[in-house]
Structure formats: C-alpha cells, structure tokens
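Read through the structure below, which is laid out as structure tokens, and then see the notes.
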Amino acid sequence: MTVLTPADQSYDALVDHVRAGALGPDPATQRIAVAFTTRQAVRHDGRGTGYRNEVLSLRLSEAVGSCAVEPGELPESALDDCVGADVARLLEHPLPPVRVAALDAYLMHVTPHGPEAGALRVPLPAGSSLEKSRARAKAVVELLDQPAGATVLVVGVVNSLLEALRSRELEYVPCDLKGGLTEWGEPVVADALAAADRCDALLVSGMTLGNGTFEPLRRHALAHGKQLVMFAQTGSAVLPRFLGHGVSAVCAEPYPFFWLDGGPGTLHCYAGGER
Numbered sequence: 001m002t003v004l005t006p007a008d009q010s011y012d013a014l015v016d017h018v019r020a021g022a023l024g025p026d027p028a029t030q031r032i033a034v035a036f037t038t039r040q041a042v043r044h045d046g047r048g049t050g051y052r053n054e055v056l057s058l059r060l061s062e063a064v065g066s067c068a069v070e071p072g073e074l075p076e077s078a079l080d081d082c083v084g085a086d087v088a089r090l091l092e093h094p095l096p097p098v099r100v101a102a103l104d105a106y107l108m109h110v111t112p113h114g115p116e117a118g119a120l121r122v123p124l125p126a127g128s129s130l131e132k133s134r135a136r137a138k139a140v141v142e143l144l145d146q147p148a149g150a151t152v153l154v155v156g157v158v159n160s161l162l163e164a165l166r167s168r169e170l171e172y173v174p175c176d177l178k179g180g181l182t183e184w185g186e187p188v189v190a191d192a193l194a195a196a197d198r199c200d201a202l203l204v205s206g207m208t209l210g211n212g213t214f215e216p217l218r219r220h221a222l223a224h225g226k227q228l229v230m231f232a233q234t235g236s237a238v239l240p241r242f243l244g245h246g247v248s249a250v251c252a253e254p255y256p257f258f259w260l261d262g263g264p265g266t267l268h269c270y271a272g273g274e275r
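Here UniProt numbering is used: the first residue of the sequence shown is 1, the next is one more, and so on.
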C-alpha cells in the first residue's frame, strides 16, 4: 500500500491518489453494480424526541460504500447516475454524497475492514434499537483518551453518545448544522470550527465528509494536537486513511448499520498509526 506523507494527506489528495490508481486498481475499471438509499425514522423508548436518517449506498463487488444525506435532499436521479457507472466517473459527480459513497466503496473493496487492516473487531450485541445505540456509543467513547472534566466537541448529535460522555464525567459541546436542542434541552451550536477552540477533543460524525466540514476539523486537530475521534457510517473505509494525519481513532461501521437489524453486529475500531 502507498503511504502518504502528512504534507499530502488531505481529503483531496486521497481522492487524487485513488484517481491515479496509486492505492489499487484503476477506478475507471471498477463499476458500481447496485445503488440504493436507506431511510429511517426513529424514536427510542423513553426518549422525548426522534430523528430521521437517509443514506446513499453503492455496491462495488463485495463492498458497500455509504454517505448519509439530509432527508429528502438526494434527487431520485442520483441512483440512476450511479448504477453501472465506473468509480472514476462518480468521483467527478456534482453531488458530494455520490463522490463520498463512491470513494468509500472503492477503498472498502481495496482494503476491507479487519485485523489485517489494523482494525479491532468489537461485537455489537443483539437488542432493541436503544440498546444497540448505547452499545455503539460506549465503544465510540472508549476511543477517547481524556480525563474527567475535559470538554469534547460532539459534531453530529447522537443522544446515546452524549449519555456515554456523561458517564465518563466528560463535558461536551453538542454541534449540528441544524442547531436546535438536545434531548435534555441543551443548545446545539451550528458552527463546529468556531466551537472547537474551547474544546479539548473532538468527537465527529463521518457525515462531515459529505457536507464538506471534515477537512477544517482535521486541520484544527492536527494544528492544535487535539484528539479527533471519528464515528463513521459515512466513509467508514475512508476515514481510517487519515489516522496519524489529524485523526486519532475511528469507530467504523459499514453497511448494514446497527439500526437496521435487531441481531448482533460488528464495529471496527482503529486507534493510532497509519492504515
């Protein structure tokens, strides 16, 4: 595998290396066989609020790459654009979620998750949607190496993650582009980078790949020596490529996601080093 240096390991540089065939087969020879969207609405028992998710997924051979989108924003034509198209063409698609899902599928195909790639498999037990959400949150928060009382910027508000941070006696600043309030009435900030200065560590959703906010946060963590932990359904095969380049750890969760099934699942946790 080609190892990139810190100077050229940005998201755009990674895409350029894929286009050039530096990390695997020529992406122009790799065609997407299946494109699909997954939509859900959820309100866990005992919770006063709910939410909706929508995810674009592309299948390349045995691999599935995904990118979350804001519900209702993905045009129906996107699926037709993707089916039968080669990865090189989709990396140039005008829609960022298509580009991210294509990159994720390609990298998942080239380097699947597993011990050989440096990942620790973490079993996710069967259970209700809330039980599985809390189990995932526990695995994610365990990747944070922060003392009690530290403040964590949480980009992409997930109530179970906030609960898990509380159990560790960690303070947090919840952030989401939609703003609003958390389950407990706490204000949610909309500008992650503005809030990052007052936080000791960053806990960030892979959705930031699709909305263009990942790179500024990665550069902030790199410049200030802060721990950046990613929880990734979006770009689960993309984000481990940034380990040692601003990203400290990744909890990767490729499709199918924990909220799709009540049975057991698997998380793939990466901590430190380069992939």
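Think of the CB as a built atom: it goes at the ideal place given N, C-alpha and C, for glycine as much as any other residue. Computed from a predicted structure; not experimentally measured.
Extent of the continuous beta strand (DSSP E) run through residue i
i, result
"tyrosine 255", "Counting along the chain, tyrosine 255 falls outside any beta strand (DSSP E), and DSSP gives it neither H nor E."
"serine 128", "It is not in any beta strand (DSSP E) - serine 128 carries neither H nor E in the DSSP assignment."
"histidine 17", "Histidine 17 -> not in any beta strand (DSSP E); alpha helix (DSSP H) instead, spanning 11–19."
"alanine 174", "It is proline, not alanine, that sits at residue 174 in the sequence shown. Note, proline 174: beta strand (DSSP E), 171–175."
"cysteine 269", "265–271"
"threonine 208", "Threonine 208 -> not in any beta strand (DSSP E); alpha helix (DSSP H) instead, spanning 207–211."
"alanine 190", "Segment: none, alanine 190 is in no beta strand (DSSP E) and carries neither H nor E."
"alanine 78", "Unbroken run through alanine 78 is the alpha helix (DSSP H), 77–82; no beta strand (DSSP E)."
"glutamine 227", "227–232"
"valine 247", "From DSSP, valine 247 is part of no beta strand (DSSP E); its letter is neither H nor E."
"valine 155", "151–155"
Residue i - DSSP class collapsed to helix/strand/coil
i, result
"proline 71", "coil"
"threonine 38", "strand"
"histidine 93", "coil"
"serine 160", "helix"
"valine 217", "Inspection of the sequence shows that residue 217 is occupied by leucine rather than by valine. Of the three classes helix, strand and coil, the one that applies to leucine 217 here is helix, per DSSP."
"arginine 134", "helix"
"residue 290", "A query on residue 290 cannot be resolved here, the shown segment of the chain reaching from 1 to 275 and no further."
"arginine 31", "strand"
"residue 297", "Any question about residue 297 goes unanswered here, given that the chain covers just 1 to 275."
"arginine 168", "coil"
"alanine 117", "helix"
"leucine 23", "coil"
"leucine 143", "coil"
"alanine 195", "helix"
"alanine 223", "helix"
"alanine 85", "coil"
Any chain C beta carbon closer than 8 Å to residue i
i, result
"glutamine 40", "This model lacks chain C altogether; it includes just one protein chain."
Range covered by the alpha helix (DSSP H) that runs through residue i
i, result
"valine 110", "96–110"
Spatial neighbours of residue i in its chain, beta-carbon cut-off 8 Å, leaving aside the 5 residues before and after
i, result
"arginine 89", "Ala28"
"lysine 178", "Val188, Ala190"
"arginine 134", "Ser160, Glu163, Ala164"
"glycine 185", "none"
"arginine 198", "Thr151, Val173"
"glycine 21", "Pro27"
"arginine 19", "Pro27, Ala88, Leu91"
Contacting residues, own chain, Cβ-Cβ under 6 Å from residue i (five flanking each side not counted)
i, result
"histidine 17", "Leu23"
"alanine 63", "Ala105, Met108, His109"
"leucine 222", "Gly246"
"alanine 237", "Asp104, Leu107, Met108"
"alanine 148", "Glu169"
"threonine 111", "Ala117"
"arginine 52", "Ala41, Pro71"
Counted within 10 angstroms of its Cβ, other Cβ atoms place residue i as buried (16 or more) or exposed
i, result
"serine 57", "buried"
"aspartate 104", "buried"
"glutamate 116", "exposed"
"alanine 201", "buried"
"alanine 194", "exposed"
"threonine 2", "The predicted position of threonine 2 is uncertain, since its pLDDT is 40 and thus under 50; a value taken from the coordinates is nonetheless stated next. Exposed, since its Cβ has fewer than 16 Cβ neighbours within 10 Å."
"alanine 196", "buried"
"glutamate 253", "buried"
"glycine 72", "exposed"
"proline 94", "exposed"
"arginine 136", "buried"
"serine 205", "buried"
"glycine 156", "buried"
"proline 25", "exposed"
Cutoff 7 Å; reference residue i; Cβ partners in own chain excluding five residues on either side
i, result
"glycine 210", "Cys67, Ala68, Val69, Pro96, Pro97, Val100, Thr234"
"proline 15", "With the sequence shown as reference, residue 15 is identified as valine, and proline is not the correct amino acid for it. Here the set comprises Leu91, Leu103."
"leucine 74", "Thr37, Glu54, Leu56, Pro97"
"aspartate 141", "Per the sequence presented here, residue 141 reads as valine, with aspartate not at that position. For valine 141, where only same-chain residues beyond five positions count, the Cβ hits under 7 Å are Leu161, Ala164, Leu165, Arg168."
(request) Say whether the stretch 118–136 touches the stretch 262–272, bearing in mind that this needs 3 or more beta-carbon pairs closer than 8 Å, one atom from each stretch. (result) yes
(message) Across the stretch 214–225 and the stretch 168–186, are there enough close Cβ pairs to call them in contact, namely three or more that are closer than 8 Å?
(response) No, because fewer than three Cβ pairs between the stretch 214–225 and the stretch 168–186 fall closer than 8 Å, the two stretches do not touch.
(message) Count Cβ pairs between the stretch 142–156 and the stretch 221–233 that sit closer than 8 Å; are there 3 or more?
(response) yes
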